[in-house]
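Structure, as structure tokens:
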Amino acid sequence: KRADYYKTCSSQKEILMELNLTLPQGNFILKNSAEKEDFVIAAAGGRKPELSWFKKAACGRKIYCADRGIEICFDAGFKPELLCGDADSAALAYLQKAKDEKIKALLFNPAKDDTDLQLLLNNLPLKSNLLITGIWGGRFDHLYSNVFSLCSYKKRTNTAVIMTDEQELMVLLAAGESLEFTAGADFQALSLIPLENSCVSLSGTRWSLKKAELLTSYPYAVSNEITSEVVKMSCHSGFAGFYLKIAGKELL
């Protein structure tokens, strides 16, 4: 089921929204500070997701593309709301198709400061919950910039952010937020990534955590295993990523 309903739930500090989201990898219930219940899709210029996965994940959602992300969007038969970037990595045929179909485009000089993803994030509709693909793979400097640009977007907009394709997935959680995950696939690893020094709890795994400190200088909570039908994670303080690696998928 899509993220087609929501309800509010109370915590000691604030009112959180409960988002129900199903992806090909499984179902998430996110208790989040978001103000909207639905997600948009963003397609960036990193590793292309599998076409069948993208069609399922993007079906019925508005799609926004950063440069080469236009390729998977058109390949899947979708028409994006916006193309944003410097047009230096998308194939010319896709750029021409975007022009012919009168896709709204914000194109910049390649000699710019911001990355294509940063330009796109600055031009998304206000406070959009975000499923973003085309993030993984390739160079570490690109991935590093992508992750922390998305952290900044989440903090600035109080939205839900999930980085995902058919191989890898990471949900960003701020202080006070939590999730429940019911797997719909087999996973090679589950890891908790401290993007700031954080305090977290985790259950439904081989190694559980209860208000454990995770430090950016000593990120040890990696390669855990799912052992229960439902996995639960809470971020009590700081800022952390809930990362999943699909079994049987070789990273490219």
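Residue numbers (the numbering used here): 11 to 262.
Note that beta-carbon positions come from the ideal geometry of N, C-alpha and C, so glycine has one too.
A quick note: this is a predicted structure, and the numbers were derived from the prediction, not measured.
Given a cut-off of 8 Å on the beta-carbon distance, is the pair residue i and residue j in contact?
| i | j | result |
| --- | --- | --- |
| residue 127 | residue 54 | yes |
| residue 57 | residue 148 | yes |
| residue 164 | residue 171 | yes |
| residue 180 | residue 64 | no |
| residue 200 | residue 145 | no |
| residue 29 | residue 44 | yes |
| residue 192 | residue 240 | yes |
Could you give the DSSP three-state label for residue i: helix, strand or coil?
| i | result |
| --- | --- |
| residue 198 | strand |
| residue 162 | helix |
| residue 185 | coil |
| residue 237 | coil |
| residue 109 | helix |
| residue 253 | strand |
| residue 50 | strand |
| residue 211 | strand |
Considering Cα atoms alone, identify which of the options is closest to residue i.
| i | options | result |
| --- | --- | --- |
| residue 142 | 178, 41 and 107 | 178 |
| residue 6 | 123, 257, 99 and 169 | Not covered by the structure: residue 6. The range shown for the chain is 11 to 262. |
| residue 233 | 203, 159, 37 and 38 | 203 |
| residue 121 | 130, 108, 98 and 131 | 98 |
| residue 185 | 168, 195, 194 and 176 | 168 |
With a CB to CB cut of under 8 Å and the five nearest residues on each side skipped, what residues in its chain are close to residue i?
| i | result |
| --- | --- |
| residue 238 | 213, 214 and 215 |
| residue 187 | 26, 40, 41, 42, 43, 244 and 245 |
| residue 20 | Residue placement at residue 20 is poorly supported in this model, since its pLDDT is 34, which falls under 50; the coordinates still yield a value, given next. Counting only Cβ-Cβ distances below 8 Å, and skipping sequence neighbours, we find 26. |
Given residue i, which residues of its chain have a CB within under 7 Å of its CB, disregarding the five upstream and five downstream residues?
| i | result |
| --- | --- |
| residue 104 | 80, 81 and 84 |
| residue 197 | 236, 254, 255, 256 and 257 |
Which same chain residues, not among the five before or five after residue i, have their C-beta less than 6 Å away from its C-beta?
| i | result |
| --- | --- |
| residue 51 | 68, 71, 73 and 141 |
For this session: Determine, using beta-carbon pairs with one atom in the region 110-126 and one in the region 88-95, whether at least three such pairs fall under 8 Å.
Result: yes
For this session: Evaluate contact between the region 201-215 and the region 233-246, counting only Cβ atoms and requiring at least three cross-stretch pairs below 8 Å.
Result: yes
Exercise. If we count Cβ pairs, one from each stretch, closer than 8 Å, do we get three or more for the region 221-236 versus the region 70-83?
Worked result: no
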